[in-house]
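These notes concern the structure reproduced below.
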Amino acid sequence: MKTIYKGDSRYEKIKEQMDLLGITDVTTERQVRNGTIVWRLPILSDRKGKYMEYGSFASGYVRNQGVDCHSNWQINKRVMSDYEYYPDYVWCDQAQKSIKTGKFNRFRSKRCVRIPIEIDRLEYMMKYVIKNEFIKRANYVQEGKFVPKWQYDNVREAVIEHGIDNQVKDLQVIIDGHKYKVI
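Under the numbering used here, the final residue of the sequence shown carries the number 188; numbering is consecutive throughout.
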């Protein structure tokens, strides 16, 4: 681990959780200089076959590093912002431009809450990752959406051994009363 948290007992607890879950620090030297820490999960992404990563930024944001999508996104808590007011305009054909009507439009959006302290960002990230990556994916097994690699390998070997055509489109296996789709 490249970042040292001196005097904060929460760090030891989080470090122990990360070690148990196999989460590793993969921060580059440039990222360290920028105040960024990147953590690699021991979970392969669904689409690209790369390990999922989360970053903690000095700006106060915690982000998924975008392995499964085209860009990364903030996982920080979102709250409603204060109302903002913008002048209302109407097009004027005579003047060939927009003119103010004297009315205002009210606008409100959600914004991300920044987490200014690194150890707080780390705690928040761990809670998010455990809930949204580890537990969610563990439920895939129970729902039959995921088959462990060893079960897949066993079925694949049986298919090859018995000479079943490799072009089988829909193969299902029942193990201990649970139905699994083999891809």
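Ideal Cβ placement from N, Cα and C applies to all residues, glycine included. Note that the structure is predicted; figures quoted are calculated from it, not measured.
Original post:
Thinking C-alpha only, which one of Gln156, Tyr90, Asp24, Gln22 is nearest lysine 186?
Top reply: Position 181 of the sequence shown, counted from the first residue, corresponds to residue 186. Checked all of Gln156, Tyr90, Asp24, Gln22; the closest Cα to lysine 186 is Gln156.
**OP:** Take lysine 136 as the anchor and find which of Pro121, Ala63, Ile80 has the nearest alpha-carbon.
**Re:** Looking up residue 136 in the sequence shown gives position 131. Residue Ile80 holds the alpha-carbon nearest to the alpha-carbon of lysine 136 among Pro121, Ala63, Ile80.
**OP:** Quick one: grab the DSSP three-state call for asparagine 196.
**Re:** In the structure as shown, the chain starts at 6 and stops at 188, and residue 196 therefore has no counterpart that could be examined.
Subject >> Helix, strand or coil at lysine 55 according to DSSP, with G and I counted as helix >> reply: The count along the sequence shown starts at 1 and reaches residue 55 at position 50. Collapsing the DSSP output to three states places lysine 55 in coil.
**OP:** Look at the Cβ atom of tyrosine 56, then the Cβ atom of valine 134, and state whether they are nearer than 8 Å.
**Re:** Reading the sequence shown from its first residue, position 51 is the one you call residue 56. Reading the sequence shown from its first residue, position 129 is the one you call residue 134. Not a contact, by the Cβ cut-off of 8 Å.
Original post:
Does the distance from the C-beta atom of lysine 115 to that of valine 84 stay below 8 Å?
Top reply: The residue given as residue 115 occupies position 110 in the sequence shown. The residue given as residue 84 occupies position 79 in the sequence shown. Yes, the pair counts as a contact, with Cβ atoms nearer than the cut-off.
Subject >> Element boundaries [beta strand (DSSP E), containing glutamate 89] >> reply: Here the question's residue 89 lines up with position 84 in the sequence shown. Residues 89-97.
**OP:** Tell me whether the beta-carbon of tyrosine 94 lies closer than 8 Å to the beta-carbon of lysine 82.
**Re:** Reading the sequence shown from its first residue, position 89 is the one you call residue 94. Reading the sequence shown from its first residue, position 77 is the one you call residue 82. No, the pair does not count as a contact, with Cβ atoms beyond the cut-off.
Subject >> Selected residue, minimal CA-CA separation from cysteine 117, among Glu162, Gly65, Met131 >> reply: Position 112 of the sequence shown, counted from the first residue, corresponds to residue 117. When each option's Cα is compared against that of cysteine 117, the closest is Gly65.
Original post:
Between the beta-carbon of leucine 88 and the beta-carbon of phenylalanine 109, is there less than 8 Å?
Top reply: For the purposes of this step, residue 88 is taken as residue 83 along the sequence shown, with counting starting at 1. For the purposes of this step, residue 109 is taken as residue 104 along the sequence shown, with counting starting at 1. Going by the sequence as given, residue 88 is tyrosine instead of leucine. Not closer than 8 Å, so no.
**OP:** State the DSSP-derived secondary structure class of arginine 119, mapped to helix, strand or coil.
**Re:** The residue given as residue 119 occupies position 114 in the sequence shown. In the structure shown, arginine 119 sits in coil (DSSP, three-state: anything other than H, G, I, E or B).
Original post:
Secondary structure at glutamine 156, three-state DSSP: helix, strand or coil?
Top reply: To locate residue 156, count along the sequence shown from 1; it is residue 151. In this structure, glutamine 156 counts as helix in the three-state DSSP scheme.
Original post:
How big is the Cα-Cα spacing for phenylalanine 62 and aspartate 158?
Top reply: For this step, residue 62 is matched to residue 57 along the sequence shown. For this step, residue 158 is matched to residue 153 along the sequence shown. Distance between phenylalanine 62 and aspartate 158, taken at the CA atoms: about 40 Å.
**OP:** Taking all protein chains shown into account, decide if isoleucine 42 is buried (16 or more other Cβ within 10 angstroms of its Cβ) or exposed.
**Re:** The residue labelled residue 42 in the question sits at position 37 within the sequence shown. Flag for isoleucine 42 reads buried.
**OP:** Give me the Cα-Cα distance between methionine 23 and arginine 142, rounded to the nearest whole angstrom.
**Re:** Translated into positions along the sequence shown, residue 23 becomes position 18. Translated into positions along the sequence shown, residue 142 becomes position 137. Each residue's alpha carbon lies about 17 Å from the other.
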